[in-house]
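Participant: This is the structure I want to talk about, given as C-alpha cells.
2 protein chains.
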Amino acid sequence: MDYGKLFFCGFDDFNDEVVEIIEKYSPAGILIYPGLLSKEYLFLDFLNFLSKKGKFLVSSDHEGGQLEVLKYIPSSPGNLSLGRVDSSYTEKYCELSGKIMNVLGFNMVFAPVLDLFFKGSAPVVDLRSFGSDPKLVAQHGLKACSGYLRSGVFPCVKHYPGHGRAKKDSHYELPEVDATLEELWETDLYPFRRVLEEVKDATVMTAHIRYPKIDDLPATLSKVLIKDILRERIGFKGLVVSDAMEMKAISANFSVEEIVKLFFQAGGNMILLSDYRNLPVYYETLKRLVKDEEIEKDVLERSVKIVEEYLRKAKFSGGFGFLSEVSEKALLFKEDVSLSNEEEVVVLVPSSENLSPADLTGLDYDEIPKVVSRFFKVKEVIRYNVTKGPEKKVENGLILDFVVNASMNEEALKAHLELPAEKTTYFVIRNPSDWKHFKDRRFVVTLSTKPLSIYKALRHLVGRCDA
Amino acid sequence: MDYGKLFFCGFDDFNDEVVEIIEKYSPAGILIYPGLLSKEYLFLDFLNFLSKKGKFLVSSDHEGGQLEVLKYIPSSPGNLSLGRVDSSYTEKYCELSGKIMNVLGFNMVFAPVLDLFFKGSAPVVDLRSFGSDPKLVAQHGLKACSGYLRSGVFPCVKHYPGHGRAKKDSHYELPEVDATLEELWETDLYPFRRVLEEVKDATVMTAHIRYPKIDDLPATLSKVLIKDILRERIGFKGLVVSDAMEMKAISANFSVEEIVKLFFQAGGNMILLSDYRNLPVYYETLKRLVKDEEIEKDVLERSVKIVEEYLRKAKFSGGFGFLSEVSEKALLFKEDVSLSNEEEVVVLVPSSENLSPADLTGLDYDEIPKVVSRFFKVKEVIRYNVTKGPEKKVENGLILDFVVNASMNEEALKAHLELPAEKTTYFVIRNPSDWKHFKDRRFVVTLSTKPLSIYKALRHLVGRCDA
Chain F
1 MDYGKLFFCG
11 FDDFNDEVVE
21 IIEKYSPAGI
31 LIYPGLLSKE
41 YLFLDFLNFL
51 SKKGKFLVSS
61 DHEGGQLEVL
71 KYIPSSPGNL
81 SLGRVDSSYT
91 EKYCELSGKI
101 MNVLGFNMVF
111 APVLDLFFKG
121 SAPVVDLRSF
131 GSDPKLVAQH
141 GLKACSGYLR
151 SGVFPCVKHY
161 PGHGRAKKDS
171 HYELPEVDAT
181 LEELWETDLY
191 PFRRVLEEVK
201 DATVMTAHIR
211 YPKIDDLPAT
221 LSKVLIKDIL
231 RERIGFKGLV
241 VSDAMEMKAI
251 SANFSVEEIV
261 KLFFQAGGNM
271 ILLSDYRNLP
281 VYYETLKRLV
291 KDEEIEKDVL
301 ERSVKIVEEY
311 LRKAKFSGGF
321 GFLSEVSEKA
331 LLFKEDVSLS
341 NEEEVVVLVP
351 SSENLSPADL
361 TGLDYDEIPK
371 VVSRFFKVKE
381 VIRYNVTKGP
391 EKKVENGLIL
401 DFVVNASMNE
411 EALKAHLELP
421 AEKTTYFVIR
431 NPSDWKHFKD
441 RRFVVTLSTK
451 PLSIYKALRH
461 LVGRCDA
Chain U
1 MDYGKLFFCG
11 FDDFNDEVVE
21 IIEKYSPAGI
31 LIYPGLLSKE
41 YLFLDFLNFL
51 SKKGKFLVSS
61 DHEGGQLEVL
71 KYIPSSPGNL
81 SLGRVDSSYT
91 EKYCELSGKI
101 MNVLGFNMVF
111 APVLDLFFKG
121 SAPVVDLRSF
131 GSDPKLVAQH
141 GLKACSGYLR
151 SGVFPCVKHY
161 PGHGRAKKDS
171 HYELPEVDAT
181 LEELWETDLY
191 PFRRVLEEVK
201 DATVMTAHIR
211 YPKIDDLPAT
221 LSKVLIKDIL
231 RERIGFKGLV
241 VSDAMEMKAI
251 SANFSVEEIV
261 KLFFQAGGNM
271 ILLSDYRNLP
281 VYYETLKRLV
291 KDEEIEKDVL
301 ERSVKIVEEY
311 LRKAKFSGGF
321 GFLSEVSEKA
331 LLFKEDVSLS
341 NEEEVVVLVP
351 SSENLSPADL
361 TGLDYDEIPK
371 VVSRFFKVKE
381 VIRYNVTKGP
391 EKKVENGLIL
401 DFVVNASMNE
411 EALKAHLELP
421 AEKTTYFVIR
431 NPSDWKHFKD
441 RRFVVTLSTK
451 PLSIYKALRH
461 LVGRCDA
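Going down the list, the sequences are from chains F and U. Just so it is clear: in the first sequence, position 274 is 274 by our numbering, and no numbers are missing. Just so it is clear: in the second sequence, position 401 is 401 by our numbering, and no numbers are missing.
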C-alpha cells in the first residue's frame, strides 16, 4: 500500500534531506511554510523538484488577515472584517487569492476558518473568525469555499467541530470544551454542516480539542466526532486532515503509535506533520501497526482512495518552479571547475548601487552572501565599489568574487584580476562582456544577479546543498 | 476632444492631489510606481478609486530580472538568462506573470525589452536584453508578447527603434547612435519588425535616442522613425507610447510645447509622464496648441481612437481594490468622533508580539505609526505590552491608542482607561470584546490590525488625507 498518500508534511526548507524523504516516502500532501517562502529561490527549486516527482496536494496556511504567509497576495483586513460586509466580498477575495495561489503552484489552502468567535476565547481564533453568528459564519464559509474552488484550490475548513469556545491554545496544551453535542449542533457545528453539505470538494481539518461530554478523546482522534458525526450524521465523504500532530495538545498526551492508530480508526485520512523530519517515524509506525494487524488494512485503503480522488481532480503545475531550470540551463562553466565546501570562503560582492534608474538589482547583492552561506562557512564579506573593483589585500581562504561590469572599468578589471588565481572563483553575474577577461581563470557565468541563479551556480559547483 | 486619452501618467502616491488631477484630466493610462506599491493600502485604495472612475490602461514597469517592481510575482533570473534557454520558458514566465498582473488589476506592462545587447553599451540595457542576436531576441519577444496577451495584459515593446547601441543612459542625457537605417533594419529593428508584424495588440514605447543618420530629432519626436518607418514601412497601426518625457534626454533639450507638438505630429499616441504633477502643464499646452491650430485636430482624433480601441479590449477589474471598501464598511464609529489633523499626536501601539503561532499580525503594529504619520505629525510612538497596557505617564498632545485584547487582561484594561478621556481616541483593532469597555469614550472599531483598515479609519476621522 502507498502509505505516503496518508501524510501531509510541512516543509520549511529544501535540502538533501528533503529530497531523500520525499523520494523514500512520497507524502501526498506538501505544506509550504514561511521558512521556505522567505527564501524564494528554495521555494521555486522545491516546486520544480516536486513537478518531476509526481502529483501532490500543495497547500499553505494563507488564510488572509491574522495568518498570511504568501507575500504574493495582497493583505486582507481579515475574516472578522469580512464578516461585517456582504459575503460576496469574501467570495471575491478567496477567488482572487485562489487564482494567485494556483498560478504559484498551490492547489489547496488550509482555510477558511469556520470557528465562531466567543467572548474570552484564546487569541488563537480572534480575527480569524467571521463572527459569532453561526449562520453568518456559514454564509461566508460557503462563499469562501466556492471562491477557492472556482480558482482550482481545495479549501480546508477548520477546525472541526469548532475551536471558538476553547480558552487555551492547542499549540501549547489540550483545550477542553464543556459543550454537549446538542449545544454544538446549532452553534459551532452549524457552519461545518452547511458548508460540507453543499461543497462536495471541500476538505476538513480537525481540532485538537477534547469535548468530554461527547468523547474522551480529542476531536482529531475521536471516532464519535469523525466517524459517527462528521461521516455518518453530516454525511461528509471527502478528505479529513488532522491539524499538525506535533502540537502539544496531541504530542504531549499521546504516543506516535496511539496517534496513528486512533486517527485512522476514527475516520481521518491524512496525518499532518508540521515537520517533515518526523515523517519516517510516523510512516514506519503505521507500517508496523498494519503488519501487526493493529490497524485494519481496508480502513487505510479507503483513505488512500479518498486522497487519490482529490489528487486526480487537482491541478498541479509547479508554478514558477521552471525558473529554477532556466537559471540552471543558462549557466556557463569552465568544465573542470568545482569547489569543496569544507573550506571557509571570503565573498566579494559589489556595494548595493543600482547602475541606472531602470535597475533595481542593487538589493540582490545583499542576498548573495546569504545564499553562499547555505554552502560555505563565510569568513568575511567584502563589498567593493563597481568602478574600482575589490581591494588587493584579500589573500586568505577561498575567494568567491562576484563580478559586475568589470569590463566597463579598467581599474576595476585590473583589481579583479589581481586576486590570487589559484584561490579565486569568478562569478560573472551581469555584463556578458566581462566573461572573456576571466576565461583563463576559474569562472562561472550566471548573467543574473538573482539569488536563484547564484544558488544554482553554487549547487552545481559544490555538487550538493548542505543547508 | 478628450485630451486625457492622450496621456499615460506615473503615480507614486495616492492623495487628494491625485484625486483632483484624475477627476479633472482623466488620463487614460495609469503607471503604478514603487512608491505606491510599497504602501499596499494606498495602492489598493487607489485601484478602488479608479474602478469607480471609468476604465483605464493600468501598467507597471515590471519586466522581470533587472527591473522588478511587483513583489507579487516571483523574481525572474532576467531576460539575458531567458535568452539562453528555449523561448517556451519566456512564454510561460510572461503568461504566469501576466496572470498575476491581471488578478491585481493591471492590463498592460511596459515589457518586453527588445533591445539588443551590444558590448560596451550603457548598463541601462544589460540584463534587460534577451541577447545580441536579432533573431533570438525576436523569437523571445514574440513569445513574451503572446504570453502576456493570453493573460489579458497588453505588452509594450521597447525601446523603439532599439536602445542597445546607446553608450549613454537617456535618464540623464540624450544618447546618439551613429547607425544608418540600413544597418538598423536587420539588427536593432529586426525584433520590432517581427513582433509588430505578428502581434496585433502589442504596443510600442519609443526611445529617447537620436540617430543623426536617420533624423535630427530623437526617435520619440521623429516623424521619420515613427510615421515613415514604424507606421508605414513596418505597418504598425497600434498604440505608440513615449518613454517618460521628464527624462533628461528629452526634458533638457526641448520645451513642453515642442515635446507635445513634435510627438503627436510624429505619429505618437500617448505621452508618458513619470510624474502626474506634470499633467496639468502638458494637458493645457496641448489644448492651447490645438486652439492656436499648431497641431491638427484630426491627428489627435486618430490617436484618441487608437487609445479607445485598446481601452475597449482591456479588462479592467480594480484587482484587490475592493478590500479598501471592506475595510471602510467594516468600521464602527461613535457618530460624533472626528479629529483635527493640525494637532500633534502620541501613538500607542502594542509591541510586536504574535499572540499565537497562528498569528502573524505582530509586524502589523510596526506599520501603524507610519500610517498615522500620513495624517498627523507624530510626536512620539510608545510601544506597550499587551498584558500590561500603556504606562500612565502619557499626558501631552492628542493620544491615539491602538487597543489589542484589553478585555483579556485586567491590568491592561485599567491602564488604557486611565489615559485622559478628553485627549484620547481608542482604536479597537483586535478583540471585539474590547469594544464595550470604551463605549463612553471616543472610539473607532476596526477589528483589523492591517494598515488598510487603520488608514481607512484615520481617513474617516480626519475627513481627508494630507499626505
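Glycine is no exception: its CB is placed at the ideal position from the N, C-alpha and C atoms.
Report yes or no: do the region 82 to 90 of chain F and the region 138 to 149 of chain F share at least 3 C-beta pairs separated by less than 8 angstroms?
Facilitator: yes
Participant: Restricting to Cα atoms, I'd like to know which of Lys-71(U), Glu-20(U), Ile-21(U) is closest to Ser-38(U).
Facilitator: Sequence index remark: in the second sequence, residue 38(U) carries index 38 (1-based). The residue with the shortest Cα to Cα distance from Ser-38(U) is Lys-71(U).
Participant: Tell me which residue opens and which closes the alpha helix (DSSP H) that Met-270(U) is part of.
Facilitator: Walking along the second sequence from the start, residue 270(U) turns up at place 270. Careful: Met-270(U) lies outside any alpha helix (DSSP H) and carries neither H nor E.
Participant: Please go through the region 274 to 358 of chain U and give each complete beta strand (DSSP E) segment of 3 or more residues, from N-terminal end onward.
Facilitator: 344 to 350
Participant: Under 8 angstroms between C-beta atoms, does Ala-468(U) make it to chain F?
Facilitator: There is no way to answer for residue 468(U), as the model of chain U reaches only from 1 to 467.
Participant: Between the region 26 to 40 of chain U and chain F, which residues of the former have a C-beta closer than 9 angstroms to a C-beta of the latter?
Facilitator: Pro-34, Glu-40
Participant: In chain order, which continuous runs of the alpha helix (DSSP H) of length 4 or greater are located wholly inside the region 60 to 133 of chain U?
Facilitator: 79 to 82, 87 to 104
Participant: Distance check for Ala-122(F) and Asp-169(F), CA to CA, integer angstroms please.
Facilitator: For the purposes of this step, residue 169(F) is taken as the residue at position 169 of the first sequence. For the purposes of this step, residue 122(F) is taken as the residue at position 122 of the first sequence. Whole-angstrom Cα-Cα distance: 6 angstroms.
Participant: According to DSSP, is Gly-147(U) part of a helix, a strand, or is it coil?
Facilitator: Locating residue 147(U) in the second sequence gives position 147, counting from the first residue. Residue state, collapsed to three classes: helix.
Participant: Can you give me the C-alpha to C-alpha distance between Lys-207(F) and Val-381(U), rounded to a whole angstrom?
Facilitator: As a first step, residue 207(F) is located in the first sequence; it is residue number 207 there, counting from the start. As a first step, residue 381(U) is located in the second sequence; it is residue number 381 there, counting from the start. Strictly speaking, residue 207(F) in this sequence is Ala, with Lys absent from that position. Rounded to the nearest angstrom, the gap between the Cα atoms of Ala-207(F) and Val-381(U) is 39 angstroms.
Participant: Any residues in the region 158 to 192 of chain F with a beta carbon nearer than 7 angstroms to a beta carbon of chain U? Which ones, in chain order?
Facilitator: Asp-169, His-171
Participant: Give the DSSP-derived three-state secondary structure of Met-1(F) in the structure shown.
Facilitator: Locating residue 1(F) in the first sequence gives position 1, counting from the first residue. Secondary structure at Met-1(F): coil, using DSSP grouped into helix, strand and coil.
Participant: According to the neighbour-count rule (16 or more other Cβ atoms, all chains shown, within 10 Å of its Cβ), is Pro-420(F) buried or exposed?
Facilitator: One-based indexing of the first sequence puts residue 420(F) at position 420. Exposed, by the Cβ-count rule.
Participant: Helix, strand or coil: how does DSSP classify Gly-389(F) here?
Facilitator: Within the first sequence, numbered from 1, the residue matching residue 389(F) stands at position 389. Looking at Gly-389(F) - three-state DSSP - the assignment turns out to be strand.
Participant: When DSSP builds the beta bridges, which residues end up paired with Glu-475(U)?
Facilitator: The shown model of chain U, from 1 to 467, leaves out residue 475(U), and the question about it has no answer.
Participant: What is the DSSP secondary structure of Ile-259(U), reduced to helix, strand or coil?
Facilitator: In the second sequence, residue 259(U) corresponds to position 259, counting from 1. It is helical.
Participant: Whole angstroms is fine: what's the gap from Asp-292(U)'s alpha carbon to Cys-94(F)'s?
Facilitator: Taking the second sequence and counting its residues from 1, the one referred to as residue 292(U) is at position 292. Taking the first sequence and counting its residues from 1, the one referred to as residue 94(F) is at position 94. Their backbone Cα atoms lie some 54 angstroms apart in a straight line.
Participant: By Cβ distance below 7 angstroms, which residues in the same chain neighbour Ala-412(U) in space, the five residues on each side in sequence not counted?
Facilitator: What you label residue 412(U) is simply residue 412 of the second sequence in a count that begins at 1. Here the set comprises Val-386, Thr-387, Lys-388, Gly-389, Ala-406.
Participant: Exposed or buried, what is Gly-152(F) when buried is set at 16 or more other beta-carbons lying within 10 Å of its beta-carbon?
Facilitator: The sequence position of residue 152(F) within the first sequence is 152, counting from 1. Looking at its Cβ environment, which holds 16 or more other Cβ atoms inside 10 Å, Gly-152(F) is buried.
Participant: Which residues, in chain order, does the region 376 to 393 of chain F contribute to contact with chain U at a C-beta distance below 7 angstroms?
Facilitator: Those residues of the region 376 to 393 of chain F that come within reach of chain U (Cβ to Cβ, closer than 7 angstroms) do not exist; the list is empty.
Participant: Distance check for Gln-265(F) and Ile-214(F), CA to CA, integer angstroms please.
Facilitator: If you number the first sequence from 1, residue 214(F) lands on position 214. If you number the first sequence from 1, residue 265(F) lands on position 265. Computed Cα separation, rounded: 17 angstroms.
Participant: How would you list, in chain order, the residues of chain U whose beta-carbon sits under 7 angstroms from the beta-carbon of Asp-126(F)?
Facilitator: Locating residue 126(F) in the first sequence gives position 126, counting from the first residue. Ordered by position in chain U, the residues that pass the 7 angstroms Cβ test against Asp-126(F) are Arg-430, Asn-431.
Participant: Less than 8 angstroms between the C-beta atoms of Glu-91(U) and Gly-131(U), yes or no?
Facilitator: Counting from 1 along the second sequence, the entry for residue 91(U) is found at position 91. Counting from 1 along the second sequence, the entry for residue 131(U) is found at position 131. No; because the gap between Cβ atoms is not below 8 angstroms, this pair is not in contact.
Participant: Thinking C-alpha only, which one of Phe-7(U), Ser-75(U), Lys-24(U) is nearest Phe-322(F)?
Facilitator: Numbered from 1 along the first sequence, position 322 holds the residue referred to as residue 322(F). If we check each option's Cα against that of Phe-322(F), Ser-75(U) comes out closest.
Participant: Considering only residues of the same chain and omitting the five flanking positions on each side of Pro-212(U), which have a CB-CB separation below 8 angstroms?
Facilitator: The residue given as residue 212(U) occupies position 212 in the second sequence. Correct list, in chain order: Glu-176, Asp-178.
Participant: Which complete beta strand (DSSP E) runs does the region 165 to 227 of chain F hold, if anything under 3 residues is left out?
Facilitator: 203 to 206
Participant: Are any of the Cβ atoms in chain F nearer than 8 angstroms to that of Ala-467(U)?
Facilitator: Numbered from 1 along the second sequence, position 467 holds the residue referred to as residue 467(U). Since pLDDT at Ala-467(U) reaches only 33, below the 50 mark, its modelled position is unreliable, and the value read off the structure follows with that caveat. No, because no Cβ of chain F sits closer than 8 angstroms to the Cβ of Ala-467(U).
Participant: Is the region 6 to 18 of chain U close to the region 331 to 347 of chain F, with three or more CB pairs under 8 angstroms?
Facilitator: no
Participant: Looking only at its own chain, which residues have a Cβ that is under 6 angstroms from the Cβ of Ser-274(U), when we skip the five neighbours before and after it?
Facilitator: Walking along the second sequence from the start, residue 274(U) turns up at place 274. For Ser-274(U), where only same-chain residues beyond five positions count, the Cβ hits under 6 angstroms are Gly-10, Ala-244, Glu-246.
Participant: With a CB to CB cut of under 7 angstroms and the five nearest residues on each side skipped, what residues in its chain are close to Ala-166(U)?
Facilitator: Residue numbering aside, residue 166(U) sits at position 166 when the second sequence is read from its first letter. Same-chain partners within the cutoff: Ser-121, Ala-122, Pro-175, Val-177, Ile-209.
Participant: Near Leu-458(F), what residues of its chain come up, given a Cβ to Cβ distance below 6 angstroms and the 5 sequence neighbours on each side ignored?
Facilitator: Mapped onto the first sequence, residue 458(F) falls at position 458. Cβ neighbours of Leu-458(F) beyond the five flanking positions: Phe-375.
Participant: In the DSSP assignment, the beta strand (DSSP E) including Phe-43(F) goes from what residue to what residue?
Facilitator: Taking the first sequence and counting its residues from 1, the one referred to as residue 43(F) is at position 43. That residue, Phe-43(F), is in no beta strand (DSSP E); its alpha helix (DSSP H) goes 40 to 53.
Participant: Can you give me the C-alpha to C-alpha distance between Glu-197(F) and Thr-203(F), rounded to a whole angstrom?
Facilitator: Residue mapping note: residue 197(F) aligns to position 197 of the first sequence, counting from 1. Residue mapping note: residue 203(F) aligns to position 203 of the first sequence, counting from 1. In this structure, the alpha-carbon of Glu-197(F) lies about 12 angstroms from that of Thr-203(F).
Participant: Applying the 10 Å Cβ sphere with the 16-neighbour rule, what's the burial state of Gly-54(U)?
Facilitator: The residue given as residue 54(U) occupies position 54 in the second sequence. That one is exposed.
Participant: For my contact list, His-171(F) and Met-205(F) are in at a C-beta cut-off of 8 angstroms; report their separation, rounded to the angstrom.
Facilitator: Here the question's residue 171(F) lines up with position 171 in the first sequence. Here the question's residue 205(F) lines up with position 205 in the first sequence. Incorrect: roughly 14 angstroms between the Cβ atoms, too far for contact.
Participant: Alpha carbon to alpha carbon, how far is Glu-258(U) from Leu-136(U)? Give it in angstroms, no decimals.
Facilitator: Start at 1 with the first residue of the second sequence, and residue 136(U) comes out as number 136. Start at 1 with the first residue of the second sequence, and residue 258(U) comes out as number 258. Rounded to the nearest angstrom, the two C-alpha atoms are 37 angstroms apart.
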